[in-house]
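**Q** Before I ask anything, here is the structure I am working with.
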Amino acid sequence: MAAGNVNPFNVSDSEEEAEQRQDGADTERSPSDEAQGHSLGPFSPPAYSEPAALLSSNRTSPSVDGIPASAAAVAGIGGGGAETRVSLDAIAAQLLRDQYILAALELHTELLEAGRELPRLRDYFSNPGNFERQSGTPPACKEQGVGPGGPLTAQVQDRKRRKKDAHMRDRAGSISTLDSLDFARYSDDGNRESDERLAECEIPSQERKNYKSSPEIQEPIRPLEKRALNFLVNEYLLKNEYKLTSITFSDENDDQDFELWDDVGLNIPKPPDLLQLYRNCGNSLPLHRETVDVAVNVDPNDLPGDYFTQESVQQTEAIQQQEVVQELEYQISLLNSEKQSLAEQIKKLQSDIQALQRNVLSDPTSAVKLIQSKEDTPCGKPPLDNGQYLDIRGVTEMDSSSDANTTKTSTTTTATTDCTESTATATQPYNKLKSQSQQGKSSVQFDQPNRKLSPAFHQALLSFCRMSADSRLGSEVSRIADSEQSVMLMLGRCLPHIVPNVLLAKREELIPLILCTACLHPEPKERDQLLHILFNLIKRPDDEQRQMILTGCVAFAQHVGPTRVEAELLPQCWEQINHKYPERRLLVAEACGALAPYLPKEIRSSLVLSMLQQMLAEDKADMVREAVVKSLGIIMGYIDDPDKYSQGFELMLLSLGDPSERVVSATHQVFIPAFAAWCTELGNLQSQLIPSLLTRIEKLLKSEYGLDEHKLHMYLSALQSLIPSLFAVLLQNAPFTSRAKLQGDVPPIEVTRFPRPASPLQDVATIVGSREQLAVLLQLHDHQLQHEGTTGWDSLLWVVNQFLPQLIDIVGRFNVTSSTCVHEFCRFFWRLCRTFGKIFTNTKVKPQFQEILRLSEENVDASTGNGILTKATVPIYATGVLTCYNQEEDRKLLVGFLEDVMTTLSLSHAPLDSLKASFIELGANPVYHELLLTVLWYGVVHTSALVRCTAARMFELLVKGVNETLVAQRVVPALITLSSDPEISVRISTIPAFGTIMETVTQKELLERVKMQLASFLEDPQYQDQHSLHMEIIKTFGRVGPNAEPRFRDEFVLPHLHKLALCNNQQTVENKRLDIATQLFEAYSALSCCFISEELMVNHFLPGLRCLRTDMEQLSPEHEVILSSMIKECEIKVENKGIGEAQGSISIAASLVGEDAKTKFLSKMGQLTTSGAMLANVFQRKK
C-alpha cells in the first residue's frame, strides 16, 4: 500500500467498524512485523513519531502532560517504500495536548475493548484533577472557538451516552444508594455551568465513583445532589417529629418544593428514605473488576496470535515512557531558566517604577516630562479579567515584589491615559483616583527581620499558620481585588453561593449587591445568572419585597439602556409568566409595567403587550389580573403605534368584563384614562371610541333575548370614566385655547366644581397639565359659552349635536321598571353635567330634555302607556340633571317638574312607573325627603281625586326611607287627611301606606294611630260592602304581616282575617267571593311561616283556614287540597305541643330542611295555575 493512501487516524466512531477492525487484527499483521516488534494495528513503532499534520503547531497546554514538538519530530522512514506509521501513544499525546478530550476518551475506549490499554490515557482519565473547572481556555480551543472539550459532535456525544447507559445498567444493583445516583446525566438544571457538565460527562462513571468515594478528595456538592439530599432530610425530620426544624429548614430552602419529589429535577423514582439508605450503605454489590483469562498446560497453537508479542510491546512502552520523562524534565529546566530571566526583568522594571514614583511625588513637572519622553511605550487596554489582585498567599515573598506588581498596574493605567488627548481627558478623574489608591497600596512596607534563615525554612515555618487557599472560598479570600472590574468578577462568582445561605426575611438586603454586579459584570452569562437569582430571590415575595425588586429593576434599566433590558430582564419575566406561585406571576405583571418606559418601542407594543394580554386572559388569580390591567394602562401611556388601537379596545372590553371587582376597578382607575389619552392624541376619542360604546349599548336594546343589564352597566361605566377626558378635549380644542396664558391672578377652582375622580388619572387638572392651567381654561370656557357662543368649536358641537341626542334617545328606549339601568344612567348624567359645568347644563342639556318632555296630556298615550312621560327619561332628567346643583332655583324646577308629571300621569290614567322610579332614586338621598313631601302634599290638596290617589300611593314608596320624625309630622297627618277623603278610591289608596308604616315604624303612639285608622276601615258599617277595600286590606296584611310587630299581628291581623273569612262564606256574588278567597289564601300562606301561639292557632288561625277551605271546596278544588294539608299539619302541631315548643315555630314548611321555608312554599304556590294535577302532593308528609 502506498504511503499516500494511509490514514494514520483510522479510528472510526462507528462501533461496527471497531468490531470489524478488532476481528481482523490478526490478518492485518504480518509475521515480519511481529518479529520486529511493530505495534499493533496500522501504526508503526518509532517512538513518539507524529505525522506532519499533527505537528503543525507547537502549542502546549499547562493542564495536559503533552509532548513538545521538539520531542515529537517526524521519524525517518525505515525502508524504501515502507508505510509511514505513528504510534498510538503519540496520537494520544497530541489529542490530550490539543484538548481533544472526547476524541482521546473514544480512543481510550476502543483500546480498552481491544485489550490494548495505553498507560497515558489510563493515567489521564483516572486523575480527577484533570477535570476540575479551569478559568482559562486552552489555546487549541480558543482558535477553534469551542469549549474545553474540543469540537464535540452530536454523533460522538450520542455514542458516549449509549456507553454510559450500558455502564449504568451494570451498576443497577447499587442504584438504591445516593452515591450511585448520576446526577449529571439526569439533570435538567439550567443553572449548571457548561464546562462543569462537560467535565462530569468526560470522566468514566466508574472512575467518578472512585473519586467521589475517596476520603482524601471530596467533590463539591452539585445543585441536584443538594436538592435530593434536602428532600430526604426534610422527609426524615417530618417522620421523626422534628416539625419546627423542618419548617426552618424549608424556609431556608425556599427555592424547593418539599412536597413533590419531581421538583428535585431528577428523572428517576424517589429513592428510599434516609434511614433505609443508612442501613444499606454497606451492602452494595462489589464493584466490577477487570479480569483476564489465565490458562495452564495448553497447546501453544490454541493461544492467540499476539500472545508472544505482548511482553515485547510492554518493554517498548516502558522505553517510550522513559523518553517522555526525560523530555519533560528538559522542558522543565528550560521553563525554570526562562522564569529566572523574567524575574530579573521584573526587578529591573520595579526599580525604574519606584524611581519614577519618587520623581512624581517630588516634582510633578519633571515626572510629566519623563513620561512624555517615552514615546515608544505602546498604549493598550487591559484585558477584561487582567488578574489585578493583591494575593496574600505569597506572603513569604519579598515586599518589593508585591509593591512592584501593584505599581506595575498603576504604570499601565498611567500609560493608557496618555494614548490620545481625548482619551486622557475622558478618563482623567477615574485614573487619578485609581493611581492614588495604587500609590497608597504601594507605600505599605513591612519590617524585615535581620535573620539569615533560608526561604524554604520561612515557608515551612509559615505553613503552620493553617491558611486555606485550596478550596473555592479559600481561593476567593486569599486574593483581594485590586480594580473595579475584578470586584465585579469576584461578586459574580460569590453571590450565587451567598444567596442560598441568607435568611428569607433578609434576602432583600442583597438586592443592591446583585443589581450592581449584574449592571457592571462583563460576562453576559454571569449577568443572566444574577438576574435569575434576583427574580427567584424570594419564593413568595410580599408587597414590600416586590416593590424593592421592582425598584431595583427600574434602576438597572435606567443604567444599562433599552437593549440590555430587552435582552436580559425580559427573558426573566417570560420564564415566570406561568409560575405556580401567584406572587411570582404578580411580580412579572408589575415588572412589565415598571419597565415599559425603558424598553424599545417595538418590544413595548408587541412582546410585552402580548405577554400581558395572555396573563389577563389566562391567569386565575384576581390580584395578578389586577396588576396586569395596571401595567396595560402604563403600556397605553407609552405606545405610539396607531395599528394597536383595536387591540387596546378589545383589552378594555376584556378587562371590563372580568368577574373580579378588583380588576374592573383597576380598569376604570388606570387603563381607561390611559387609553383615552392615547385616543385623544390619535384624534379618535370622539370619532371611534365613544361611538363604539354607544353602538354596543344600542345593540343591547335591540336584543331579542332581553336587555343584558350587566353589559349595559359595563359599557355605561366605561362612558362615565371617559367623561373627564372628553371635557379635557373640549378645553384643549376650544377657540380660546391659544389665549390660555398663566398671567395675573387666576381665580381658584371651587372644591365642588368637579365630582370626586376615581383616580388621579381621571382628574381633569391632571389631564390638562396643572390646576392653574385648568383654572385659566375654565374661566375662558364659561366666558365663551355665555358671550361668544359655540361657532367653530367642533368638539363641543359634536357633544351637543350628536352625543347628547343619541344618549337621550337611548334613555327613552329601555324599560323604566329596570331600576338598575335607571340608576346607572342617572349617575352618568349627573357626572356629565357636573363635569361640564352649570352653564353647559343650563344652556345645552336641560333644553334638550325639556324639548322632549313637553308636559301636556297630548304627550301621554293613555291607552298603551307608551308616551315619553312613562319612560326612563323622567327619572333620569329629574335625578341625573335637575339635582346636579343643589340650589334654590334647581329645587324649585325639580318640584314643579315632579308635580306636573304626577298631575299629567294621573289625569291621563297612565302607568305611574316613571314617577315611582323618580321617587325611589330621589328618596335614596335624605336631602330630598322634604322636597318629595312637598310634592306629595301638593297632590294631597289637589282638586282631582285621581291626583290625590296617586299621592296616597306615592307615600308607600317614601315611608321606607324617611325617618320616624318626618313620618309622624308629615306623612301620617297627610294620610289621615286622605283617609277621610270624600272619594272612597282615595281612602282605599291610603291602606298600603298605612301597612308600610306598621311594618317599618317602632313608635307605639304612631302605631296605635295607624291601627285605629285601619280598624275604622274594617269595623265602620259604611265599608262592609266595599269589596275593593277588603281586597286591599287583605293584600296589605299578607305583605306586612310576617314583618310587622308580633303584637300587631296577633291582636289585629289574625283576628280580622278570621272575620273576613267568615264574612266571605256568606258572600253571594261568586266572583267577589273567589277574589277574597284567593287573597286570603295568599295571606294565610305568608303568615303560616310566622310563630303563632297555641291560643291564636286554636281560636283564629285554624278557624280561618277552615272557613277558607269551605270557599275553596266550591270555587277552587286545587286550592282546597292544599288547605286540607295545611289544616291537618296545624292540628298535628297543636297536638304535639312539646314538639311545637321545642321547634319554636309551627311552620308547615319546617320539613324543608336547609332552605328558606317561606321562599320554598311560595314558589310552590306560584305553580298553582300551571300544575294543578300535582297540588295534591304538595303538602304530603315525606315518607
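Counting in the numbering used here, the sequence shown runs from 51 upward without gaps. For every residue, glycine included, the Cβ atom is placed at its ideal position computed from N, Cα and C. None of the values given here were measured: they were computed from a predicted structure.
Using 10 angstroms around the beta-carbon of residue 1108, count the other beta-carbons present and answer buried if the total reaches 16, otherwise exposed.
**A** For this step, residue 1108 is matched to residue 1058 along the sequence shown. It is buried - the Cβ of residue 1108 has at least 16 other Cβ atoms within 10 Å.
**Q** Would you kindly work out how many angstroms separate the C-alpha atoms of residue 958 and residue 949, rounded to a whole number?
**A** The sequence position of residue 958 within the sequence shown is 908, counting from 1. The sequence position of residue 949 within the sequence shown is 899, counting from 1. Near 14 Å, if we compare the C-alpha coordinates of residue 949 and residue 958.
**Q** Determine whether the beta carbon atoms of residue 972 and residue 929 lie at a separation below 7 Å.
**A** Looking up residue 972 in the sequence shown gives position 922. Looking up residue 929 in the sequence shown gives position 879. Closer than 7 Å, so yes.
**Q** Residues in the same chain with beta-carbon distance under 8 Å from residue 732, minus the five sequence neighbours each way, listed in chain order, please.
**A** By one-based count along the sequence shown, residue 732 stands at place 682. Excluding residues within five positions, the ones whose Cβ falls inside 8 Å are 692 and 695.
**Q** Report yes if the CB atom of residue 679 is closer than 7 Å to the CB atom of residue 649, and no otherwise.
**A** If you number the sequence shown from 1, residue 679 lands on position 629. If you number the sequence shown from 1, residue 649 lands on position 599. The answer is no: Cβ separation not under 7 Å.
**Q** If contacts are defined as beta-carbon pairs under 8 Å, then residue 1009 and residue 1040 qualify, I think. What distance do you get, rounded to the angstrom?
**A** The residue labelled residue 1009 in the question sits at position 959 within the sequence shown. The residue labelled residue 1040 in the question sits at position 990 within the sequence shown. No, residue 1009 and residue 1040 are not in contact; Cβ-Cβ is about 11 Å, not under 8 Å.
**Q** DSSP three-state call for residue 806: helix, strand or coil?
**A** On the sequence shown, position 756 is the one that residue 806 refers to. Coil, per DSSP.
**Q** Residue 587 lies in the alpha helix (DSSP H); which residues open and close that run?
**A** Within the sequence shown, the letter at position 537 stands for residue 587. Where residue 587 is concerned, there is no enclosing alpha helix (DSSP H), given that its DSSP letter is neither H nor E.
**Q** In whole angstroms, give me the CA-to-CA distance for residue 681 and residue 826.
**A** Along the sequence shown, one-based indexing puts residue 681 at 631. Along the sequence shown, one-based indexing puts residue 826 at 776. Residue 681 and residue 826: Cα-Cα distance of roughly 33 Å.
**Q** Under a Cβ-count criterion, where at least 16 other Cβ atoms within 10 Å of its own Cβ denotes burial, should residue 624 be classed as buried or exposed?
**A** Residue 624 sits at position 574 when you count from the first residue of the sequence shown. Exposed, by the Cβ-count rule.
**Q** Just how far apart, CA to CA, sit residue 863 and residue 634?
**A** Position 813 of the sequence shown, counted from the start, is the residue given in the question as residue 863. Position 584 of the sequence shown, counted from the start, is the residue given in the question as residue 634. So the alpha carbons of these two residues sit roughly 48 Å apart.
**Q** What are the start and end residues of the alpha helix (DSSP H) that includes residue 174?
**A** The residue you call residue 174 lines up with position 124 of the sequence shown. Taken as a continuous stretch (DSSP letters only), the alpha helix (DSSP H) holding residue 174 covers 169-175.
**Q** Since residue 1012 contacts residue 1048 with CB under 8 Å, what's their CB separation in whole angstroms?
**A** Taking the sequence shown and counting its residues from 1, the one referred to as residue 1012 is at position 962. Taking the sequence shown and counting its residues from 1, the one referred to as residue 1048 is at position 998. About 15 Å; that fails the 8 Å criterion.
**Q** Since residue 998 and residue 1036 are thought to touch, with beta carbons under 8 Å apart, how far apart are those beta carbons, to the nearest angstrom?
**A** Position 948 of the sequence shown, counted from the first residue, corresponds to residue 998. Position 986 of the sequence shown, counted from the first residue, corresponds to residue 1036. That pair is a contact at about 5 Å.
**Q** State whether the segment 1108-1117 contacts the segment 1148-1166, with contact taken as three or more CB pairs (one from each stretch) at a distance under 8 Å.
**A** Cβ pair count under 8 Å is three or more, so yes.
**Q** Report yes if the CB atom of residue 581 is closer than 7 Å to the CB atom of residue 618, and no otherwise.
**A** Counted from its first residue, the sequence shown places residue 581 at position 531. Counted from its first residue, the sequence shown places residue 618 at position 568. Yes, they are a contact pair.
**Q** In whole angstroms, give me the CA-to-CA distance for residue 1197 and residue 1140.
**A** Counting from 1 along the sequence shown, the entry for residue 1197 is found at position 1147. Counting from 1 along the sequence shown, the entry for residue 1140 is found at position 1090. Only weak support is given to the placement of residue 1197: the predicted model assigns it a pLDDT of 45, under 50, and the value that follows is read from those uncertain coordinates. Roughly 7 Å separates the two Cα atoms.
**Q** Hey, would you say residue 1235 sits closer than 7 Å to residue 779, going by beta carbons?
**A** Within the shown structure, residues of the chain are numbered from 51 to 1233, placing residue 1235 beyond reach of any answer.
**Q** Starting from residue 760, trace the alpha helix (DSSP H) in both directions and tell me its first and last residue.
**A** As a position in the sequence shown, residue 760 is number 710, starting the count at 1. Residues 759-782.
**Q** With DSSP as the reference, label residue 1154 as helix, strand or coil.
**A** The residue labelled residue 1154 in the question sits at position 1104 within the sequence shown. Three-state result, residue 1154: helix.
**Q** What does the alpha-carbon distance come out to for the pair residue 919 and residue 993?
**A** Reading the sequence shown from its first residue, position 869 is the one you call residue 919. Reading the sequence shown from its first residue, position 943 is the one you call residue 993. Rounded to whole angstroms, residue 919 to residue 993 spans 22 Å at the Cα level.
**Q** Cutting at 6 Å between CB atoms, please list the residues of its own chain near residue 1056, excluding the five before and the five after it.
**A** For the purposes of this step, residue 1056 is identified with residue 1006 of the sequence shown, where counting begins at 1. Answer for residue 1056: 1018, listed in chain order.
**Q** Helix, strand or coil for residue 335 per DSSP?
**A** Numbered from its first residue, the sequence shown carries residue 335 at position 285. Any reading at residue 335 needs caution, since the residue's pLDDT is 49, under 50, leaving its predicted position unreliable; the model's value is listed next. Three-state result, residue 335: coil.
**Q** Any idea if residue 1164 is buried or exposed, counting beta-carbon neighbours within 10 angstroms, 16 or more meaning buried?
**A** The residue given as residue 1164 occupies position 1114 in the sequence shown. Exposed.
**Q** Can you list, in chain order, the stretches of the alpha helix (DSSP H) that have 4 or more residues and sit fully within the segment 798-863?
**A** Qualifying alpha helix (DSSP H) stretches, in chain order: 814-818, 821-833, 844-848 and 854-861.
**Q** For the putative contact between residue 1025 and residue 1043, defined by C-beta atoms under 8 Å, what is the C-beta separation to the nearest angstrom?
**A** Stepping through the sequence shown from its first residue, residue 1025 is reached at position 975. Stepping through the sequence shown from its first residue, residue 1043 is reached at position 993. Rounded, the Cβ-Cβ distance is 5 Å, consistent with contact.
**Q** So, does the segment 539-546 touch the segment 504-516, judging by three or more C-beta pairs under 8 Å?
**A** The answer is no - the segment 504-516 does not touch the segment 539-546, with fewer than three Cβ pairs under 8 Å.
**Q** Please state whether DSSP places residue 754 in a helix, a strand or coil.
**A** For the purposes of this step, residue 754 is taken as the residue at position 704 of the sequence shown. Correct three-state label for residue 754: coil.
**Q** Do residue 713 and residue 676 count as a contact pair if the criterion is CB distance below 7 Å?
**A** Numbered from its first residue, the sequence shown carries residue 676 at position 626. Numbered from its first residue, the sequence shown carries residue 713 at position 663. Yes, Cβ-Cβ distance for residue 676 and residue 713 is below 7 Å.
**Q** Checking 7 Å against the spacing of the C-beta atoms, do residue 314 and residue 278 come in under that value?
**A** Within the sequence shown, numbered from 1, the residue matching residue 314 stands at position 264. Within the sequence shown, numbered from 1, the residue matching residue 278 stands at position 228. Yes, the Cβ-Cβ distance between residue 314 and residue 278 is below 7 Å.
**Q** Between which two residues does the alpha helix (DSSP H) harbouring residue 571 extend?
**A** Numbered from its first residue, the sequence shown carries residue 571 at position 521. No alpha helix (DSSP H) contains residue 571, which DSSP labels as neither H nor E.
**Q** Flag residue 859 as yes when its Cβ comes closer than 6 Å to any non-hydrogen atom of the ligand ATP, and as no otherwise.
**A** No copy of the ligand ATP appears in this structure; indeed no ligand is present at all.
**Q** Give the single residue among 840, 301 and 883 whose Cα lies nearest to the Cα of residue 44.
**A** The structure shown does not extend to residue 44, since the chain spans only 51 to 1233, so no value can be given for it.
**Q** In three-state terms, what does DSSP make of residue 1205?
**A** As a first step, residue 1205 must be located in the sequence shown, where it is residue number 1155. Bear in mind that a pLDDT of 45 at residue 1205, under 50, signals an unreliable position, so the model cannot answer this.
**Q** Less than 7 Å between the C-beta atoms of residue 323 and residue 285, yes or no?
**A** Within the sequence shown, numbered from 1, the residue matching residue 323 stands at position 273. Within the sequence shown, numbered from 1, the residue matching residue 285 stands at position 235. Yes; because the gap between Cβ atoms is below 7 Å, this pair is in contact.
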